[in-house]
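Note sheet for the following structure.
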Amino acid sequence: MSKFITVAAAQLGPIQKSEGREIAVGRMIPLLERAYHRGAQVVVFPELALTTSFPRWYHEDLDEADGWFETALPSPATASLFEAIHRFDLTVYLGYAEIAYEPDNAGVTRKRRFNTSAIIAPTGEMILKYRKVHLPGHAEYAPARKVQHLEKRYFEVGNLGFPVVRAPVGKDVSVNMGMMICNDRRWPEAWRVLGLQQVELVMLGYNTPSLNMENRGFEAHHLRVFHSQLSIQAGCYQNACFAVAVAKAGTEDGHEMFGHSIIVNPQGEIMAQATSWDDELIVADCNLDMCKLGRSTIFNFALHRRVEAYARITNQVGSEAPPAWPTR
Ligand code: ING
1 MSKFITVAAA
11 QLGPIQKSEG
21 REIAVGRMIP
31 LLERAYHRGA
41 QVVVFPELAL
51 TTSFPRWYHE
61 DLDEADGWFE
71 TALPSPATAS
81 LFEAIHRFDL
91 TVYLGYAEIA
101 YEPDNAGVTR
111 KRRFNTSAII
121 APTGEMILKY
131 RKVHLPGHAE
141 YAPARKVQHL
151 EKRYFEVGNL
161 GFPVVRAPVG
171 KDVSVNMGMM
181 ICNDRRWPEA
191 WRVLGLQQVE
201 LVMLGYNTPS
211 LNMENRGFEA
221 HHLRVFHSQL
231 SIQAGCYQNA
241 CFAVAVAKAG
251 TEDGHEMFGH
261 SIIVNPQGEI
271 MAQATSWDDE
281 LIVADCNLDM
291 CKLGRSTIFN
301 FALHRRVEAY
311 ARITNQVGSE
321 APPAWPTR
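Under the UniProt record's numbering, think of the first position of the sequence shown as 1, with each following residue one higher.
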């Protein structure tokens with residue numbers, strides 16, 4: 001019997017710096033209701049879905065940025081969102097900035113900041129939490145940049161790995177679900193760690209500027225979307241999984257981010273794509289049995305992977321220049 005689930009990408013348009021969580025939540029609940037009426041069991045929101053994409057703003061004192069973070073979920077500002085998740089019987093991926101007081105590697109309990117996503121069950125319980133591993137940008141103010149991208153300032157590297165869990169979705173189907181956040185999608189290692197746990201559904205949110213902010217080389221504008229979709233389609237194909245990739249889009253305080261949220265199948269095909277850069281819901285019916293083909297043939301990891309040849313992937317961080325030929 002085929003295992004079908006219906007998934008929805010709940011793309012969000014811009015959230016301005018001056019707009020509080022109640023504005024975002026007020027726009028997210030109608031998307032949940034529409035997903036319910038469209039028969040979805042799973043809904044994916046963007047990265048940092050409750051606030052503006054604040055790593056573009058510099059705060060000298062980190063504590064001044066605390067207002068962008070959640071110290072608890074649910075909270076008074078997000079209670080109505082959790083009520084809607086329960087009312088519409090949905091499993092929801094939510095991206096948010098997290099403050100947690102917990103021991104660090106030295107065993108010292110302190111205030112820690114992460115770029116986090118959580119999968120929330122219809123009961124409001126947290127099924128799984130993930131903290132962004134690949135933090136792009138920089139930690140100090142960079143005057144040469146057109147726009148700051150201070151994720152390395154505001155967040156620690158995620159310390160939860162790339163977990164996958166099997167959880168029930170809807171009435172009689174369970175799904176192997178895992179998460180990423182934004183820049184993670186550009187790193188094949190992230191996809192492979194999830195694939196090695198037989199992930200069937202990768203949920204990821206992103207906030208991606210529509211123009212290259214690095215100002216250090218030409219990148220044709222249309223390639224921004226191409227690179228995003230290429231990464232997601234390749235990840236799905238090479239790990240025989242579905243992905244729901246969801247943008248925060250549009251112009252926030254003059255800074256434009258692209259939309260183009262997509263739902264991709266294990267063949268790497270785009271099943272659905274958003275066509276606006278605003279609040280938009282796209283939905284697709286996913287036959288989880290499609291994961292079996294890749295996992296049992298071309299990407300049968302047990303049969304075909306040769307880990308003895310891959311040592312550089314985990315032993316080496318940066319790239320190294322090769323030896324020159326002819327060797328003397
Ligand atoms: N944003 C961007 C992303 O990875 C970026 C940063 C854009 C990096 C383009 C490299 C190229 O989509 C986040 N939030 O990671």
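Glycine is no exception: its CB is placed at the ideal position from the N, C-alpha and C atoms. For clarity, every value in this text was computed on a predicted model and none was experimentally measured.
Proximity test, residue i beta-carbon vs ligand 3 heavy atom, cut-off 7 Å
{"i": "THR208", "result": "The model depicted lacks ligand 3 and carries ligand 1 instead."}
Beta-carbon proximity of residue i to residue j, cut-off 8 Å
{"i": "HIS255", "j": "ARG87", "result": "no"}
{"i": "LEU32", "j": "ILE85", "result": "yes"}
{"i": "GLU252", "j": "PRO14", "result": "yes"}
{"i": "LEU81", "j": "MET126", "result": "no"}
{"i": "ASN239", "j": "TRP191", "result": "yes"}
{"i": "ALA40", "j": "LEU90", "result": "yes"}
{"i": "VAL165", "j": "LYS3", "result": "no"}
{"i": "GLY137", "j": "HIS149", "result": "yes"}
{"i": "GLY205", "j": "SER319", "result": "no"}
{"i": "LEU211", "j": "HIS221", "result": "yes"}
{"i": "PRO163", "j": "LEU128", "result": "yes"}
{"i": "PRO74", "j": "GLY107", "result": "no"}
{"i": "ALA274", "j": "GLN11", "result": "yes"}
{"i": "THR71", "j": "ILE99", "result": "yes"}
Beta-carbon proximity list for residue i, same chain, < 6 Å, skipping 5 on both sides
{"i": "LEU50", "result": "ARG21, ALA24, TYR96"}
{"i": "VAL244", "result": "VAL7, ALA9, VAL44, MET203, ILE263"}
{"i": "TYR237", "result": "GLY268"}
{"i": "GLN233", "result": "VAL264, GLY268"}
{"i": "VAL193", "result": "PHE162"}
Beta-bridge partners of residue i, as assigned by DSSP
{"i": "THR251", "result": "GLU256"}
{"i": "PRO103", "result": "THR109"}
{"i": "TYR206", "result": "ALA247"}
{"i": "ASN287", "result": "PHE4"}
{"i": "ARG166", "result": "ASN176"}
{"i": "PHE218", "result": "According to DSSP, PHE218 bridges with nothing at all."}
{"i": "VAL42", "result": "VAL7, THR91"}
{"i": "LEU281", "result": "ALA10"}
{"i": "MET213", "result": "DSSP output for MET213 lists no bridge partner at all."}
{"i": "SER117", "result": "GLY95, TYR130"}
{"i": "ILE262", "result": "ALA245, GLN273"}
{"i": "ILE313", "result": "DSSP output for ILE313 lists no bridge partner at all."}
Cut-off 8 Å between Cβ atoms - residues of its own chain near residue i, not counting five sequence neighbours on either side
{"i": "residue 332", "result": "What is shown of the chain runs 1 to 328, which leaves residue 332 out entirely."}
{"i": "ASN207", "result": "PRO46, GLU47, LEU48, SER53, CYS182, ALA247, LYS248, MET257"}
{"i": "GLY250", "result": "GLY13, PRO14, GLU256, MET257, GLY259, TRP277, ASP278"}
Residues near residue i by beta carbon distance below 7 Å, same chain, minus five either side
{"i": "GLU102", "result": "THR109, ARG112"}
{"i": "ARG34", "result": "LEU281"}
{"i": "MET213", "result": "ARG145, LYS146, VAL147, HIS149"}
{"i": "PRO122", "result": "ILE85, HIS86, ASP89, LEU90, THR91"}
{"i": "VAL169", "result": "ILE5, GLN41, VAL42, THR91, VAL175"}
{"i": "TYR58", "result": "TYR141, GLN148, LEU150"}
query = So, do the region 216–233 and the region 252–272 have three or more beta carbon pairs nearer to each other than 8 Å?
reply = They touch, by the three-pair rule.
key: Touching by the beta-carbon criterion (3+ pairs, under 8 Å), the region 184–192 and the region 10–20   = Touching, no, given that fewer than three Cβ pairs across the two stretches are closer than 8 Å.
Inter-stretch contact (C-beta, 8 Å, three-pair minimum) for the region 232–244 and the region 286–297 = By the C-beta criterion, the region 232–244 is judged to be in contact with the region 286–297, since at least 3 inter-stretch pairs fall below 8 Å.
ask   = Quick check: the region 157–168 against the region 122–142, are there 3 or more CB pairs under 8 Å?
value = Yes, since at least three Cβ pairs between the region 157–168 and the region 122–142 fall closer than 8 Å, the two stretches touch.
message = Any contact between the region 170–179 and the region 192–201? By contact I mean 3 or more CB pairs, one from each, below 8 Å.
response = Contact check between the region 170–179 and the region 192–201: three or more CB pairs, one atom from each, fall below 8 Å, which counts as touching.
key: Touch test, the region 266–274 against the region 289–305, Cβ-Cβ under 8 Å, three pairs minimum   = Flag = yes, the region 266–274 and the region 289–305 touch.
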